[in-house]
Amino acid sequence: MSKILVAYFSATGTTESVAKKLCEAVGGDLFEITPVVPYTPADLEWRNPNSRSSLEMRDDSSRPQIAGRVDDIRSYDTILVGFPLWWYRAPTIINTFLETYDLSDKVVLPFATSGSSEFGDTNKFLLPSCPDAVLKEGRKLPQNISVDGLRKWFETSIKAVQ
60 MSKILVAYFS ATGTTESVAK KLCEAVGGDL FEITPVVPYT PADLEWRNPN SRSSLEMRDD
120 SSRPQIAGRV DDIRSYDTIL VGFPLWWYRA PTIINTFLET YDLSDKVVLP FATSGSSEFG
180 DTNKFLLPSC PDAVLKEGRK LPQNISVDGL RKWFETSIKA VQ
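Right, here's the structure in full:
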């Protein structure tokens, strides 16, 4: 039987809500990706080109530090990684998370939330951070998606051939 980890970063609580429902849908373990330096509302102001999030997203080498670790990543076969979409891709803290572990031969399935951004080229920016994993095509999920809808999405996505 496959063991599943649902890891997520949530700046405002929206992704956290979806991650918790997804965890229930797939019977996985939950892990919050928490930055060492929390994001303030000013940090998240995407209209400000000098805000922390704007600066991080313009710098492909940006790797915000994470507080805490997954105890035994080796025990998981599948890792669902969730995040809000920032500039049509994952925040760079997700790259930090993926690069922290040896994900060889693990299935990584991204999911995202957003009020307006689409999933875009998200996987293109994630792939270098988990080169030995099987990176499945992720998807933007609506905040109000049901547990059953999440279960169906997961089952379809895991079976999909890339």
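Residues in the sequence shown are numbered consecutively from 60, following my numbering. Backbone N, C-alpha and C fix where the C-beta goes; we use that ideal spot for every residue, glycine too.
Beta-carbon gap between residue 197 and residue 213 smaller than 8 Å: Here the question's residue 197 lines up with position 138 in the sequence shown. Here the question's residue 213 lines up with position 154 in the sequence shown. No. Outside cutoff.
Contacting residues, own chain, Cβ-Cβ under 6 Å from residue 217 (five flanking each side not counted): If you number the sequence shown from 1, residue 217 lands on position 158. The answer is none, since no qualifying residue turns up.
Unbroken alpha helix (DSSP H) run spanning residue 78, endpoints: Within the sequence shown, numbered from 1, the residue matching residue 78 stands at position 19. Run containing residue 78: 73 to 85, per the alpha helix (DSSP H) assignment.
Residue 128 beta carbon less than 8 Å from that of residue 151: Your numbering for residue 151 matches position 92 in the sequence shown. Your numbering for residue 128 matches position 69 in the sequence shown. The answer is no: Cβ separation not under 8 Å.
Distance between residue 142 and residue 164 (C-alpha atoms, nearest Å): Position 105 of the sequence shown, counted from the first residue, corresponds to residue 164. Position 83 of the sequence shown, counted from the first residue, corresponds to residue 142. Cα-Cα distance, rounded: 22 Å.
DSSP-derived helix/strand/coil call for residue 187: Translated into the one-based positions of the sequence shown, residue 187 becomes position 128. Looking at residue 187 - three-state DSSP - the assignment turns out to be helix.
Residues near residue 206 in its chain [Cβ-Cβ closer than 7 Å; skip 5 each side]: As a first step, residue 206 is located in the sequence shown; it is residue number 147 there, counting from the start. Contacts found: 80, 83 and 84.
Residue 91, enclosing beta strand (DSSP E) - first and last residue: Taking the sequence shown and counting its residues from 1, the one referred to as residue 91 is at position 32. Going by DSSP, residue 91 is part of the beta strand (DSSP E) stretching over 88 to 91.
Identified DSSP bridge partners for residue 65: What you label residue 65 is simply residue 6 of the sequence shown in a count that begins at 1. DSSP lists 89 and 139 as partners of residue 65.
Identity of the residues DSSP links to residue 148 by a beta bridge: As a first step, residue 148 is located in the sequence shown; it is residue number 89 there, counting from the start. The partner list for residue 148 (beta bridge, DSSP) reads 145.
Beta-carbon spacing of residue 195, residue 168 below 8 Å: Counted from its first residue, the sequence shown places residue 195 at position 136. Counted from its first residue, the sequence shown places residue 168 at position 109. Yes.
Proximity to residue 145 [Cα-Cα], best of 170, 67, 101 and 116: Looking up residue 145 in the sequence shown gives position 86. Checked all of 170, 67, 101 and 116; the closest Cα to residue 145 is 116.
Of the residues 73, 64, 63 and 61, the one placed nearest residue 203, counting alpha carbons only: Taking the sequence shown and counting its residues from 1, the one referred to as residue 203 is at position 144. Out of 73, 64, 63 and 61, 73 has the C-alpha closest to the C-alpha of residue 203.
Beta-carbon proximity check, residue 98 vs residue 112, cutoff 8 Å: In the sequence shown, counting from the first residue as 1, residue 98 sits at position 39. In the sequence shown, counting from the first residue as 1, residue 112 sits at position 53. Their beta carbons are under 8 Å apart, which means residue 98 touches residue 112 by this criterion.
Beta-carbon separation (whole angstroms), residue 87 vs residue 157, contact threshold 8 Å: If you number the sequence shown from 1, residue 87 lands on position 28. If you number the sequence shown from 1, residue 157 lands on position 98. Not really, about 17 Å apart at Cβ, beyond 8 Å.
Proximal residues to residue 182 (C-beta, below 8 Å), its chain only, five neighbours per side dropped: Within the sequence shown, residue 182 is the residue found at index 123, counting from 1. Same-chain partners within the cutoff: 169, 194, 196 and 197.
N-terminal and C-terminal residue of the beta strand (DSSP E) that residue 166 is part of: Position 107 of the sequence shown, counted from the start, is the residue given in the question as residue 166. Where residue 166 is concerned, the enclosing beta strand (DSSP E) stretches over 166 to 172.
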